[in-house]
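Visitor: Here's a structure for you.
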Amino acid sequence: KHTVALAVLEGAKVATEKENASLRENVKQMGRDQDILQDTMDEARTLVEKEMVVWKEKLQHSQIECEKLEKQLAMADEKLSDLQTLSDHATSEKEGLVQQLHELHQTSAALEEEHTAALDVLESAKVATEKE
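For the sequence shown, my numbering assigns the number 79 to the initial residue and increments by one for each residue that follows.
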């Protein structure tokens, strides 16, 4: 019985040692897997950090371009306002000149009537003088 028990215990010991060896190997493999995973995560983190730097630079560049465009837009608005002022001034001047032209036409027509009336008077005087 004792020998059988020792044989059983020896078998259990061998089985336990094999199981322990297998577990140790599994732990080593898990350590290697963890190292690989850590390396992969480190590489991914580095890539993400580089991408973030690139995107931050792009964002900064876009903001600078946006500011330039806003300045150009403000200048264009100012020029447009100046042109509108000039256009309004030119329209006002044109209206004044049209009014002056209208007044000159009226004056010219009145002078023409006076001239015609004076010619009629002179013609009548000439006729009267010739009759005398």
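In this text, a Cβ means the ideal position worked out from N, Cα and C, and glycines have one as well.
Values in this document were obtained by computation on a predicted structure and should not be read as measured data.
With H, G and I counted as helix, E and B as strand and the rest as coil, what does DSSP make of D79?
Guide: Rather than Asp, the amino acid found at residue 79 in this sequence is Lys. Of the three classes helix, strand and coil, the one that applies to K79 here is coil, per DSSP.
Visitor: Taking DSSP as the reference, what is the three-state secondary structure of E129?
Guide: helix
Visitor: How long is the line joining the alpha carbons of S170 and E156, rounded to whole angstroms?
Guide: 21 angstroms
Visitor: Going by DSSP in three states, E210 sits in which element: helix, strand or coil?
Guide: coil
Visitor: If you draw a straight line from the C-alpha of L158 to the C-alpha of L179, how long is it?
Guide: Using only the alpha carbons, I get a separation of about 31 angstroms.
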